[in-house]
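Everything in the sequence shown is counted per the working numbering, starting at 2 for the first residue and increasing by one. Even glycine gets a Cβ: it sits at the ideal position worked out from N, Cα and C. Notes to accompany the following structure.
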Amino acid sequence: MNHKALKTLEYHKIIAQLTEYASCDFGKELCRNLVPSTDYGEIVQSQKETTDAAARVRQKGGISFGGVKDIRSSLKRLEVGSALSISEILAVSTLLTVSARAKAYGRHEEDQLSEDSLEEFFRILEPLTPVNTEIKRCILSEEEVSDDASPGLRHVRRSMKSINDKIHTQMNSILNSSRSYLQDAVITMRDGRYCLPVKAEHKSQVSGMVHDQSSTGSTLFIEPMAIVKLNNDLRTLEIQEQKEIEMVLADLSNQLAPYSEELETNFKTISQLDFIFAKAALSRHYNGSEPAFNTKGMINIKEGRHPLLDPARVVPITIHLGRSFDLLIVTGPNTGGKTVSLKTVGLFTLMGQSGLHIPAFDGSELAVFDEVFADIGDEQSIEQSLSTFSAHMTNIVQILNKADSNSLCLFDELGAGTDPTEGAALAIAILTFLHNMKCRTMATTHYSELKVFALTTPGVENACCEFNVETLQPTYRLLIGVPGKSNAFAISKKLGLPDYIIENARTNLEAKDETFEDLLTHLEENRVTIERERIHVESYKREIEQLKSRLTQKEERLDERKDKMIRDAKEEAQRILRDAKETADQTIRQINKLAADSGVNKELEAERSRLRSKLQEVDSSLALKKERQEAGKEIDPKKLRLGDGVRVISMNLNGTVSSLPNAKGDLYVQMGILRSLVNISDLELLQEKSVSSPSGGGSKKTGSGSSSTRMSKSLSISPEINLIGMTTDEAIPQLDKYLDDAYLAHLSQVRIVHGRGTGALKNAVHKHLKRLKYVKEFRLGVFGEGDSGVTIVFFK
């Protein structure tokens, strides 16, 4: 990746922020040396590591790798058999302590994190706990080794303490007896030996060795002769102490020497983990997400925010490139966000290929490019005597020589800095060359010629940065597919430029330019209107979906309540029948004891058998309904066809489908001459396609006797009788015969049409119906059934 693009797109500022999140020195070095990769597999792996580290931080909290120092030079000394210093051993101890902490952090329980890309890093860490414990026992700090580090060191320090006590006792005694000869009543140290500050004129009064004198010569520092031997003994012990310390360090170094390879692995692993978790911390700072990657040159950034802008003020942009077009020309007014859009695409590409998350919405996609070229900003060079145009063109020439189909090229104000006509023509030629090279390209411009070029060239698309003329403020929204308008006249008028000057400027515009600008204005007005309507439509769609969802839930609840009520009613009926049967059984048994007549017993037993059969029928119907509900064998409405044979469970009758189910699952079933509206949940699909009889058995046999009589009756009996125009004496006999035939035909209900009139015929019909035992109930018709001119009769 060329360094000029890294500098132009301010990649180094991202690296500086990343480095601040690293804890150890080598981790910071890895951050500083991070550059974009061009290997797809390496990029994907690096992104996954960042994602997994961020996930661990969210679930377990952060982890610090601070305090780890570069121990590689110390490891080389161990390899040649040298002993390490206290500071070097403490650096190794710190590394082992951090390794142990990291290994514990990396462990996970069964119900927590599963294995991820960081698992191997934590697994290979070797804390060397016994060695580290020994180091901490022996070395307390960089200046102090523990007395318990070795028996010899403990003995030497006890002896030193004893001699020190003797020296202080002797010195205090001399100090008290010779106070008048001393400059100050204190004990001092000179060259590691205890001395007294004696006045120069009293030198002969204190016998001993002179070690130093003050700058004025008025004070001599004398070591009393009485403690010379004690000082000599103390000095000897100090030399022995140093030897004992060296022996302790050598012993610790010998214990570390066999683990030099593990220590180097720990160092590199901890540094790498520090680097990875720094990337995760940067992702959290940006509220970033992992982008998907492809090798097809397709970019799709969703709600991307430039990471170097103020998060509270930056406006997210959505931009795509490389799917239906590979060249995007961005137009719009100055300070409208064109350059920011350009830099966002380039910087996101560099960050993504470096394994860093991008501050964009989940699902964003980036392409892997071999090179990213950028010509952005003022390239004027005074030192090289280059104008702005010349400097830009020099950079563009280098880009054209290196760019290919695996490159991303970014141009800011392409062709600017020279004659507009020539600049526009040159820009179109450059973009045409890159377009033919299949190079993914973004360019910003003010030239109308480039807008027309994008409109007329396949694979090239316009985009603009939205601008609010009313407030004279850019919205920073990027609109793809819409060419931008310069708005120079509108802005000038808003700022107070006189109308006559603006009108004079309009006369200087060529007709085609003015027409094109008017077209852009019209397009922008239409776009705003469509966008507003789209928002309203989306709002209505969401509202409709919510209403539909609530209605569906309500219907489901009603269906559940209906099924429950039916099931409860059948269970209650079953219980009542069972109680009735038990009562009947007890009564029959009691009557059997009292009655000796066999004929009476026979009739009672027959009635008992009929009651048992009825109970078994209800039990089987309820059991079948429960079985179908538990097994989930309800009929699929999509597979139901007209003419299919079905069984109506609640009626225990067979019939054929005469209409397809509606949205609620209701349909009409023809059961003989009876056509009834039932719900699909109350049906059971039969194997036979046609049903000849509405009987519960559904038999197709053509027998004789009562079954054939019922069949012929059911086919000939009408579901209603018309008595209008008849007298009471004429109507009642015909009604009586009709009701007998309808009952034998197993019709569940019939209609009696008697009309309103004086009400005499209606009253006679109702009086007759009350005397019939097989009539369960009757009622006057309701609206749609004939009102009071009709009576609906229900059979038992």
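By how many angstroms is the C-alpha of residue j removed from the C-alpha of residue i?
i	j	result
E515	T422	The pLDDT assigned to E515 is 46, lower than 50, so where the model puts this residue is not dependable, and the model offers no usable value.
D741	P662	34 Å
R752	M727	16 Å
S691	L668	Confidence at S691 is low in this model, with a pLDDT of 41, below 50, so the placement of that residue should be treated as unreliable; the coordinate-derived value is given next. Approximately 17 Å between the Cα atoms of the pair.
L548	Q554	10 Å
I793	K582	32 Å
I240	K230	16 Å
E372	G107	37 Å
E504	G497	14 Å
L762	D730	10 Å
L250	E242	12 Å
H169	D149	25 Å
S284	E145	42 Å
V1	A84	No statement about residue 1 is possible, as the shown extent of the chain runs from 2 to 797 and does not include it.
E778	D586	29 Å
A186	I164	22 Å
C410	Q399	12 Å
G706	R551	Any reading at G706 needs caution, since the residue's pLDDT is 40, under 50, leaving its predicted position unreliable; the model's value is listed next. Each residue's Cα considered, the two are about 56 Å apart.
L91	R159	25 Å
T134	N173	43 Å
S789	G760	10 Å
F222	Q206	13 Å
S660	E572	31 Å
Kindly indicate which three-state DSSP category residue i falls into: helix, strand or coil?
i	result
S677	strand
D1	Outside the displayed range of the chain (2 to 797) lies residue 1, so it cannot be described from this structure.
E245	helix
R478	strand
R752	strand
G68	coil
F796	strand
L19	helix
R543	helix
N232	helix
E786	coil
M712	Low per-residue confidence applies at M712: pLDDT is 43, beneath 50, and the placement is therefore not dependable enough to give any value.
H13	helix
L329	strand
E534	helix
R780	strand
L641	coil
R306	coil
N663	coil
D730	helix
A313	coil
L31	helix
L498	coil
Just grab the DSSP bridge partners of residue i for me.
i	result
N295	A368
S290	I359
H321	N301
L668	V679
A375	L411
T189	C196
S142	E145
R648	N655, E685
R57	In the DSSP output, where bridge partners are listed per residue, R57 has none listed.
D213	F222
V791	V754
I722	I753
L183	V199
Check whether chain C comes within 7 Å of residue i, counting only Cβ atoms and requiring the distance to be less than that.
i	result
V369	No chain C is present in this structure, which holds just one protein chain.
Is residue i near the ligand ATP, going by C-beta to nearest heavy atom under 6 Å?
i	result
T332	Looking at this structure, you won't find the ligand ATP or any other ligand, since it has none at all.
key: Uninterrupted beta strand (DSSP E) stretches inside the segment 394-475 (no shorter than 3 residues)   = 408-412, 441-446, 461-469
inquiry  = Count Cβ pairs between the segment 299-306 and the segment 36-48 that sit closer than 8 Å; are there 3 or more?
reply    = no
inquiry  = Taking contact to mean 3 or more Cβ pairs, one atom from each stretch, closer than 8 Å, check whether the segment 62-77 and the segment 258-265 are in contact.
reply    = yes
task = Mind the definition here: the segment 17-27 touches the segment 267-281 only if three or more C-beta pairs lie below 8 Å; say whether that holds.
result = yes
message = Taking contact to mean 3 or more Cβ pairs, one atom from each stretch, closer than 8 Å, check whether the segment 94-101 and the segment 228-244 are in contact.
response = no
task = Run through the segment 77-144 for me and flag every whole beta strand (DSSP E) of 3 or more residues, listed as ranges in chain order.
result = 140-142
message = Using a Cβ distance threshold of 8 Å, determine whether the segment 45-56 contacts the segment 211-227, with at least three qualifying pairs required.
response = no
query = Should the segment 338-347 be regarded as contacting the segment 24-36, the criterion being three or more beta carbon pairs within less than 8 Å?
reply = no
request  = Please determine if the segment 317-329 and the segment 389-396 are in contact, where contact requires at least 3 C-beta pairs separated by less than 8 Å.
outcome  = no
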